[in-house]
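Basically the numbering used here = 1-based index in the sequence shown + 153. Every residue, glycine too, gets a C-beta built ideally from N, C-alpha and C.
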Amino acid sequence: MENLGVEVDYSLIGEAVAPGFDFHDFTFVTPEMIQATCKNADVREILLEFIHTDSTADVKTVEVCSEFYKDGERKETRIEERS
154 MENLGVEVDY
164 SLIGEAVAPG
174 FDFHDFTFVT
184 PEMIQATCKN
194 ADVREILLEF
204 IHTDSTADVK
214 TVEVCSEFYK
224 DGERKETRIE
234 ERS
């Protein structure tokens, strides 16, 4: 990232989802992804601080986010179909 010559103590990050969003199609960034794609060690260390605590290559995002599916049997069917 290019230094813009401005020092800041914060940044605003937003995320929005639209109707039709499905956690089956979403993947948390993992530490392995950061290690593989970020070449700058200082930036890599900063980014690793923001990794979701359940974010690993072994954990499917939909399992972590299953509480967002409140419709019982339909939830189970969807998880089965998409996993």
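Residue i, DSSP secondary structure in three states
i: THR214; result: helix
i: ILE195; result: Reading the sequence as shown, one finds Asp at residue 195 and not Ile. Correct three-state label for ASP195: helix.
i: LYS178; result: In the sequence on display, residue 178 carries Asp and not Lys. Of the three classes helix, strand and coil, the one that applies to ASP178 here is helix, per DSSP.
i: THR230; result: helix
i: LEU201; result: helix
Whole-angstrom C-beta distance between residue j and residue i, which should lie under 8 Å
i: VAL182; j: SER208; result: 6 Å
i: ILE204; j: PRO184; result: 6 Å
i: PHE179; j: THR214; result: 5 Å
Classification of residue i by the beta-carbon crowding that lies within 10 angstroms, buried from 16 upward
i: PHE176; result: buried
Residue interval of the alpha helix (DSSP H) (run including residue i)
i: THR190; result: 184 to 190
Top-ranked residue by Cα proximity to residue i, from the options
i: TYR163; options: ILE199, SER236 and ARG235; result: ILE199
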